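Encoded as structure tokens, the structure appears first; notes follow it.
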Amino acid sequence: MLVVEAKLKNGTPEQYQKLDEAIRTSQFVRNSCVRHWRENKGTTRNDLQKLCAVLANNKETPWVNKLNSQARQSAADRAWQSITGFYQNCRAKIPGKKSFPRFKKHSRSVEYKLTGYKLSDERRKIRFTDGFQAGEFDLWCSQKTLVYYSEQQIKRVRVVRRADGYYCQFLIDVERQEYHKPTGQITGIDLGLKEFYTDAQGNTVENPRYLSKSEKRLKKAQRRLSKKFRQGQSKNYHKQRIKVAKLHLKVSRQRQDKAIKDALALVQSNDLVVYEALKVRNLVKNRKLAKSISDASWYQFTEWLNYFAKIYRIVCAAVPPHFTSQDCSVCGTRVQKTLSTRTHQCPNCQTVLDRDHNAAINILKKGLQYLGNHLNASTSLGIDTELVEVSTILLGKQKPTQTPWESPTSRFSVETLRI
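Per numbering that gives the first Met the number 0: the sequence shown = residues 0 to 418.
Here it is, written out as structure tokens:
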């Protein structure tokens, strides 16, 4: 699946206000479904779908009937997704406190399925036709991302409100395939704070620290917002609130852009990528490093790395991070280090390496060992033959008769295109 995003432009304030009403109505339906599930034991997904019709016909909530029927069903599906996630966390015995699905207070989106909107023939305009009658908007996006897809391929349309305006996301049923030319390169990466990551060849990628660079402007803008709040929520308060939100939005977009570009470059230049499976939730419990770890956005980077690995048909493996910085990459001797010790000096084999470079080599070795064990187990059990074929070629145990990346794939993948 492909997600194409376009900005809704040239609308009047009244039109945007009607979009806000549709978003609030979707939030009301979702919260009503959660409340119905809490108060009625044994509630199923079909019961929540029926509740949408009850709310639409209720005289006390006439505004619900203005929202498109399939948009109401989408709101019920969101509620059911939260409920099933709660059940799965309970069954999986995930550590930590597990609470019921919460009521949403500040929803920012409403989702339509196949009705409630109409696209123009040239894909430059969209008209919302539900009871709110938001009217027609211009779509600001690259024409090639929408004009080549038929209306039958567009499965859902989501309207999202952000600090800098309203956006429309199109979920398109299309299969994405990218050919990866084998480079013969394999690498392991060690994620860090001094450098964003260091690979097994000793190359480093700079950590941009976007939040730290914007922190001075953010503090100044938030102080002004705090002073205006004391005077009451006037128009100037809301203007300043939007300015602060735009600064935060810029930081999040910078992080996403950095993660996408670095992950894509890493996948295109290697046939095998190994990284350490860090538990960021536990790492941010350190109060001294929590802000820096969050600013690095390791989790977002690894998610994009796995996504591009599937698209380009390469192997991307995550290995446990235990003792990757302590063990010597040459002889295996465990050399204890504090976080401030940035150089690895082995007393046994006299190896001197940068701490992160040594860790990246250990991560690559762990990945190769994992793939070798997985290869032997898979060939004996007859499972995951595609990974077996790729791993066999990378480990040098078989000559490539046919490039595995050229074979067609039936997997759907999701990509967000920033316009």
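Every residue gets a Cβ at the ideal spot worked out from N, C-alpha and C, and that includes glycine. These figures come from a predicted structure and were not determined experimentally.
Bridge partners - Thr-24, DSSP secondary structure assignment: Per DSSP, none; premise fails for Thr-24.
For Glu-4: DSSP bridge partner residues: Gln-168
Contacts around Ile-292, its chain only, beta-carbon distance under 6 Å, and the 5 residues preceding and following it disregarded: Leu-282, Val-283
In DSSP terms, what Asp-326 is bridged to: Arg-333
Of the listed residues His-247, Asn-67, Ser-211, nearest to Ala-133 (C-alpha basis): Asn-67
Asp-163, buried or exposed, once every other Cβ within 10 Å from all chains shown has been counted against 16: exposed
Cα-Cα separation between Arg-44 and Phe-102, rounded to whole angstroms: 18 Å
Beta-carbon proximity of Ala-353 to Arg-341, cut-off 8 Å: The question names Ala, but residue 353 is Asp in the sequence shown. Cβ distance < 8 Å, so Asp-353 and Arg-341 count as in contact.
For Gln-152, the first and last residue of its enclosing alpha helix (DSSP H): It is not in any alpha helix (DSSP H) - Gln-152 carries neither H nor E in the DSSP assignment.
Distance, Ile-82 Cα to Leu-248 Cα: 29 Å
Glu-121 burial status per 10 Å Cβ neighbour count (16 or more: buried): exposed
Cutoff 6 Å; reference Tyr-298; Cβ partners in own chain excluding five residues on either side: Val-279
Three-state class that DSSP yields for His-343 in the structure shown: strand
Touch test, the segment 139-158 against the segment 96-113, Cβ-Cβ under 8 Å, three pairs minimum: yes
Cβ-based burial, Phe-99 [other Cβ within 10 Å; buried from 16]: exposed
C-alpha distance - Thr-301 paired with Val-53, whole-angstrom precision: 43 Å
Cut-off 6 Å between Cβ atoms - residues of its own chain near Gln-16, not counting five sequence neighbours on either side: none
The segment 252-266 contacting the segment 205-220, beta-carbon criterion three pairs below 8 Å: yes
Inter-residue Cα distance where the pair is Gln-397 and Gly-191: Residue confidence is low: Gln-397 scores 39 on pLDDT, short of 50, so the model does not pin down where it sits. No coordinate-derived value is stated.
Contact check, Pro-181 vs Asp-270, beta carbons under 8 Å: yes
Sequence ranges, alpha helix (DSSP H) only - wholly within the segment 18-89, length at least 4: 44-56
Proximity winner among Ala-74, Leu-338, Phe-322, relative to Ile-360 (alpha-carbon distances): Phe-322
Among Arg-71, Ser-233, Leu-224, Arg-126, nearest to Phe-136 - alpha-carbon criterion: Arg-126
Exposure of Arg-333, with buried meaning 16 or more beta-carbon neighbours within 10 Å: exposed
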